[in-house]
Amino acid sequence: MRRRSARSPRCSATPPPGFPPDPTKETPVVTAPATPDALRAELVDLSHELGRPDRDWTILAEGNSSLRSGPDSFLVKASGAWMSRVVADDFVEVSLPTMLELIDSPTAGDAEVSSYFSSVAETAPGGRRPSVESLLHAVCLDLPGVTAVGHTHPTAVNSLLCSPHAASLVDGSLFPDQIVVLGTAPLLIPYVDPGLKLAQVARQLLAERSVPRAIYLQNHGMFALGSSAAEVVQITQMAVKVAKVILGSLPASGPTYMDPVEVARIDTRPDELLRRQALAES
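Residues in the sequence shown are numbered consecutively from 67, following my numbering.
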């Protein structure tokens, strides 16, 4: 996974005249806008990581990925493209305000969504249309700190989501690294028809709580919400590990979750916060 292309090298701050540089001060980061080609290349890399056959997170044309491309826009995988095979032209750029307007409208329906997607296809490479899941991507990318999103159907995760044990994914934390990567507040949404209705339900639920790093969709799959493409992959990796641990624990009477006091301690420890930041930037 390559580093976010929007990042640029660090540069040294200029100290006041007569004073040497302060080695304890972190040098500032100069951020340059990523080019459209660089953003598409980053999305290709992310999609290939999420779609690797050996990981068993998606098959065929399952799943999709997105990345903020500007204050009011984002790139998202086109409908029907395989995550493991996508190329730069398999992504279309959509208007975030327009998507949110459709989601928030009390009168919008499938016809209005289809009409907007058709207008996007008129200027998209090869006439590609956005995935219907792009509506939920819009909801996620409108949240503070979220710039990249990955939607997958990992077999281990779906083994729980398609069982009576779906809530075990959000009932608590099992080990410290889960807390560092997934945080303490994943969201589970009961099955809702994918598309506009699901986006509307998710937007309402997210307005009432803190921003999750993972959203689990019962009988469907998961969304990973990251501050970078690398973080999306890490969140998905950890969610899969958690699912495997829970599945392994079920024959032994089920999982034992950590004490909430210990969970809060890990979630706020300065060294763990630094490790969380380093992982997101790796």
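C-beta atoms are modelled at their ideal positions from N, C-alpha and C, and glycine is treated no differently.
(message) Bridge partners for residue 159 per DSSP, in chain order?
(response) 141
(request) With hydrogens ignored, establish whether the beta-carbon of residue 180 is closer than 8 Å to any heavy atom of the ligand GTP. (result) No copy of the ligand GTP appears in this structure; indeed no ligand is present at all.
(message) What does the alpha-carbon distance come out to for the pair residue 76 and residue 285?
(response) Any answer about residue 76 is weak, because its pLDDT of 36 lies below 50 and its placement is not dependable; what the coordinates show is given next. If you take the alpha carbons of residue 76 and residue 285, they lie about 44 Å apart.
(request) Please list, in chain order, all residues of the same chain as residue 193 whose beta carbon is under 7 Å from its beta carbon, the five residues on each side excluded. (result) 187
(message) Counting beta carbon pairs with one atom in the region 215–232 and one in the region 130–142, are three or more of them shorter than 8 Å?
(response) yes
(request) Report back the beta-carbon spacing between residue 240 and residue 311 to the nearest angstrom; my notes put them in contact at under 8 Å. (result) 6 Å
(request) Sort out for me which residues DSSP pairs residue 289 with in a bridge. (result) 217, 281
(request) Using the Cα positions of residue 313 and residue 184, report the straight-line distance between them to the nearest angstrom. (result) The straight-line gap from Cα to Cα measures roughly 42 Å.
(request) Determine the DSSP secondary structure at residue 254, reduced to helix, strand or coil. (result) strand
(request) Given a cut-off of 9 Å, decide if residue 265 and residue 162 are closer than it, judged by their beta-carbon atoms. (result) no
(request) Could you pull the start and end residues of the beta strand (DSSP E) that residue 193 belongs to? (result) Looking at the DSSP string, residue 193 is not in any beta strand (DSSP E), and its letter there is neither H nor E.
(request) Could you tell me if residue 299 is buried or exposed, where buried requires 16 or more neighbouring beta carbons within 10 angstroms of its beta carbon? (result) buried
(message) Alpha carbons only, please: which of 246, 301, 211 is nearest the one belonging to residue 332?
(response) 246
(request) List in chain order: all unbroken alpha helix (DSSP H) runs of 4+ residues lying wholly within the region 297–341. (result) 326–334
(request) Would you give the residue range spanned by the beta strand (DSSP E) that residue 131 belongs to? (result) Note, residue 131: beta strand (DSSP E), 130–136.
(request) Could you check how far apart the C-beta atoms of residue 252 and residue 235 are, in whole angstroms? I think they sit under 8 Å. (result) With 8 Å as the limit, residue 252 and residue 235 qualify as a contact, their Cβ atoms being about 7 Å apart.
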